[in-house]
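Numbering (the UniProt record's numbering), first residue to last: 1 to 211. Notes for the one structure printed next.
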């Protein structure tokens, strides 16, 4: 269910119920110190969520796009004779800032953040976030585009989760250096409305997938 106000603010409510949802699991063999991790359909999941999307042209040279989603995920079931009854509220935010300067210069700054969340019946995914940016210029009578892309310049990208079941625990931490600087050039042949509409899409998404 969703509602849009003044073509700028959209609010969406959602609910989902999933039986036999796939979740991480632990396995142990009698007399063995080895802990095995895997996946199986062992739990029931109920999810409640609300999302708010907002877009606004603040000034002729600055526009803002923001999306915030809040969720509550609850898992219940039985695994290895252990009762599962866990849930956690979490939220995800994304902020895109687009700037248009003189002489065909433009820039975009994209930031996203995810709070600690219940990933499955036994695992918690810890908070993570990232900031990316682009600087671009239209050249060759606006038929060409030159863009400089910065991925995670502050080196804050990481992936951390903990799994717990009874007296069994597993911790996983991954911190990758995905900082990247890229330079791209594109040229548009012809002058159709479809090509013009494509140029209005987010340069961040376009260049990230390309690089």
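Using N, Cα and C, we set each Cβ at its ideal position, and we do this for glycine too.
If distances are taken between C-alpha atoms only, which option among 105, 123, 89 and 109 comes closest to residue 98? Along the chain shown, read from residue 1 onward, the residue named residue 98 stands at position 98. Taking only the C-alpha atoms, the option nearest residue 98 is 109.
Among 177, 65 and 136, whose alpha-carbon lies nearest the alpha-carbon of residue 151? Position 151 of the chain shown, counting from 1, holds the residue named residue 151. Selected option, being the one with the closest Cα: 177.
How big is the Cα-Cα spacing for residue 3 and residue 15? Position 3 of the chain shown, counted from the start, is the residue given in the question as residue 3. Position 15 of the chain shown, counted from the start, is the residue given in the question as residue 15. Taking the straight line from one Cα to the other gives about 16 Å.
Under a three-way DSSP split, which group does residue 77 fall into? Residue mapping note: residue 77 aligns to position 77 of the chain shown, counting from 1. The answer is strand: DSSP assigns residue 77 an E or B state.
Candidates 60, 74 and 82: which alpha carbon is nearest residue 106's? The residue labelled residue 106 in the question sits at position 106 within the chain shown. The residue with the shortest Cα to Cα distance from residue 106 is 60.
With residue 57 as the anchor, note down where its beta strand (DSSP E) starts and where it stops. Counting from 1 along the chain shown, the entry for residue 57 is found at position 57. Annotation: the continuous beta strand (DSSP E) that includes residue 57 extends over 35-59.
Do residue 170 and residue 79 have their C-beta atoms closer together than 8 Å? Taking the chain shown and counting its residues from 1, one reaches residue 170 at position 170. Taking the chain shown and counting its residues from 1, one reaches residue 79 at position 79. The Cβ atoms of residue 170 and residue 79 do not sit closer than 8 Å to each other.
Continuous alpha helix (DSSP H) assignments of at least 4 residues falling wholly in the stretch 130-200: Segments of the alpha helix (DSSP H) lying fully in the stretch 130-200: 193-199.
Consult DSSP for residue 82 and reduce its assignment to one of helix, strand or coil. On the chain shown, position 82 is the one that residue 82 refers to. Strand, per DSSP.
With a threshold of 6 Å on Cβ separation, who are the neighbours of residue 22 within its own chain once the five nearest residues in sequence on each side are excluded? Position 22 of the chain shown, counted from the start, is the residue given in the question as residue 22. Closer than 6 Å at the Cβ level, and outside the excluded window around residue 22, lie 39 and 41.
Collapsed DSSP secondary structure at residue 25 in the structure displayed: Translated into positions along the chain shown, residue 25 becomes position 25. Reduced to three states, the DSSP call for residue 25 is strand.
Quick one: what does DSSP say residue 210 is sitting in, helix, strand or coil? What you label residue 210 is simply residue 210 of the chain shown in a count that begins at 1. Residue confidence is low: residue 210 scores 45 on pLDDT, short of 50, so the model does not pin down where it sits. Its coordinate-derived value is still stated next. Assigned with DSSP and collapsed to three states, residue 210 falls in helix.
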